[in-house]
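Under numbering that gives the first Met the number 0, think of the first position of the sequence shown as 0, with each following residue one higher. We put the beta carbon where it would ideally sit given N, CA and C, even for glycine.
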Amino acid sequence: MVPLHHRLDCFAALAMTVEHIMLFDDFEEELEDEDFVPDTTAELFENPEPRAQHLLIGHADIEKKLLDLFQGGRHPHAIIFAGPQGIGKATMAFRLARYLLKSAEDEYNNALAGPSMFGDEPAIAKDLNVDSKEQVFSKVASAGHPDLLTIERLYDEKKDRRKTEVSVDEIRRIAPFMRKTPAIDGGWRIVIVDDADTMNRNSQNSILKILEEPPEKSLLILVTHRPGALLPTIFSRSSLINFYPLENQLLIGFLSRVNPRLDRDDKELVISMAEGSLGRAVEYADDKSMDVIKQTSELLKAWPKLDWVKIQFFSETIGKGATPEAQRAFQDYLLWVSSTLLKAKAAGLPIPTALSVFSTIGQEVSLAGWLQICDTLKEHFTRIHTGNLDKRFAVMGAFTIFENNV
0 MVPLHHRLDC
10 FAALAMTVEH
20 IMLFDDFEEE
30 LEDEDFVPDT
40 TAELFENPEP
50 RAQHLLIGHA
60 DIEKKLLDLF
70 QGGRHPHAII
80 FAGPQGIGKA
90 TMAFRLARYL
100 LKSAEDEYNN
110 ALAGPSMFGD
120 EPAIAKDLNV
130 DSKEQVFSKV
140 ASAGHPDLLT
150 IERLYDEKKD
160 RRKTEVSVDE
170 IRRIAPFMRK
180 TPAIDGGWRI
190 VIVDDADTMN
200 RNSQNSILKI
210 LEEPPEKSLL
220 ILVTHRPGAL
230 LPTIFSRSSL
240 INFYPLENQL
250 LIGFLSRVNP
260 RLDRDDKELV
270 ISMAEGSLGR
280 AVEYADDKSM
290 DVIKQTSELL
300 KAWPKLDWVK
310 IQFFSETIGK
320 GATPEAQRAF
330 QDYLLWVSST
340 LLKAKAAGLP
350 IPTALSVFST
360 IGQEVSLAGW
370 LQICDTLKEH
380 FTRIHTGNLD
390 KRFAVMGAFT
400 IFENNV
């Protein structure tokens, strides 16, 4: 029996509107306009880590809201940044942290210097940006600022990947950190918890204790992809800010600079798969990831006569030589294909142009069959990931699911 939450994921696909299903036919206009993208694009990829990222794409409305909130002195002690993965939540968290730390530093220095002889008032910031040449920026980027603590899932050396949850021991570092005196008088103590939705009940209860009596001028930022995994009592003591997927037009211009070798069809595919996530779009646009996606497409379009010799060879390539990003591209591509064909089948619409190579399987598999494929694929990839199983099995098992669920 497939778990209920997996079935709900697939049933949610049935709510897809005709407007969204016809997404693939709307690219003609958007692909024409790529020149508006700022020249600072290269910086985004030279410094991919959110703590070192100077460039923020989109979310101007959220930045203004945060600026007004803190300049008006109405700041909360805890904020939840919620939204899909890879759209800039962590980048915004570090951007806000830098702004607050720099503002406190400026206030302290201005107080030491005394009133200006010309009576000038300090300039009021128009955004949260802190110049990358500032000392605050470099300290945050190197995880060396004394008033900023970052909590995230630790790396598991044995399994060669990050652990599945933020440990309670890491969360317990927060309370003593916040009680310490800031490096400068009147300064902030800021904690960013990334992947906050992976905290277990004990970890979340520790967070609650902190929120019950937060120290003055302290800020806790919880970055989450699944806000529903947080306790309601954490929500009641925090301000929620929802982040939404980026517009296709914002992503299209970046793809040409990330990988100039992408043709029009490649860009359409990447944008469709990314679903508004800049992080995922950058991953999929990589040459190695695109190669894996195209090979996967070639193998699957042979359905119902899958070539198992080629699939076996492909599984060896994925299992031994592919990068983690390319392995993820294989998984995401099949999940995207299955969910998109399910949506088209459920709405009674033609197969989208971008997936026309799958016309046979799209037409012949029933709605119930697509629901089963969608469910079983998610369950399969989850089992491979959580069990840290051989990636060759990920490939063989995935194609078997398409063969068996007809």
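- Fewer than three Cβ pairs drawn from the stretch 152 to 159 and the stretch 69 to 86 lie within less than 8 Å of each other, which leaves the two stretches out of contact.
- Beta-bridge annotation (DSSP): A81 is paired with T223, N241.
- When secondary structure is reduced to three states using DSSP, D155 falls in the strand class.
- Along the length of the stretch 130 to 203, whole alpha helix (DSSP H) runs at least 4 residues long occupy 134 to 140, 167 to 170, 173 to 178, reported in chain order.
- At a Cβ-Cβ threshold of 8 Å, Q52 and G278 do not count as neighbours.
- Within the stretch 294 to 346, the runs of alpha helix (DSSP H) that reach at least 4 residues and sit entirely inside it are, in chain order, 307 to 315, 323 to 346.
- Remark: C-beta atoms of I310 and V364 do not approach each other more closely than 8 Å.
- The criterion of a C-beta distance shorter than 8 Å is satisfied by H144 and L100.
- The beta carbon of P181 is closer than 7 Å to those of D146, W187, R188 in its chain, skipping five residues each way along the sequence.
- P226 and S141 have their C-alpha atoms roughly 28 Å apart.
- Secondary structure of S217 (DSSP, three-state): strand.
- Around the beta carbon of V308, fewer than 16 other beta carbons lie within 10 angstroms, which makes this residue exposed.
- Within 10 angstroms of the beta-carbon of F176 lie 16 or more other beta-carbons, which makes it buried.
- DSSP places L66 inside the alpha helix (DSSP H), whose first and last residues are 59 to 70.
- With a threshold of 16 other beta carbon atoms within 10 Å, Q203 meets it and is buried.
- Around the beta carbon of F93, a 10 Å sphere encloses 16 or more other beta carbons of the protein chains shown; the residue is thus reported as buried.
- Contact fails between the stretch 261 to 278 and the stretch 364 to 382, because fewer than three Cβ pairs, one in each stretch, are under 8 Å apart.
- Shown here, L348 sits in coil according to DSSP, grouped into three states, outside any helix or strand.
- For the set S137, L348, R260, T399, the Cα lying nearest the Cα of A96 is the one of S137.
- The alpha carbon of D286 has as its nearest neighbour, out of A301, D262, D306, L305, the alpha carbon of D262.
- Scanning K63, F392, A81, R391 for the CA closest to the CA of F234 turns up A81.
- Distances from the CA of I372 to each of W335, R391, H384, S131 were compared; the closest alpha carbon is that of W335.
- By the neighbour-count criterion, in which a residue is buried when 16 or more other Cβ atoms sit within 10 angstroms of its Cβ, Q134 is exposed.
- Cβ-Cβ separation between L245 and G275: approximately 5 Å, consistent with a contact (criterion under 8 Å).
- Counted as a single uninterrupted DSSP element, the alpha helix (DSSP H) harbouring I270 occupies residues 263 to 273.
- The residue from A328, L299, W302 with its alpha-carbon nearest to that of A273 is A328.
- The C-beta of L299 has 16 or more other C-beta atoms within 10 Å across all chains shown, which makes the residue buried.
- Cβ-Cβ distances below 6 Å link N387 to K158 in the same chain, with the five nearest sequence neighbours on each side left out; the list follows chain order.
- Taken through DSSP and simplified to helix, strand or coil, H53 comes out as coil.
- Look at K101 here: in three-state DSSP terms it is helix.
- Between F242 and I86, the beta carbon gap of about 6 Å places them in contact (Cβ cut-off 8 Å).
- In the three-state DSSP reduction, L230 falls in the coil class, being neither helix nor strand.
- Taking the Cβ atoms as the reference, R152 lies roughly 5 Å from D194, within the contact range of under 8 Å.
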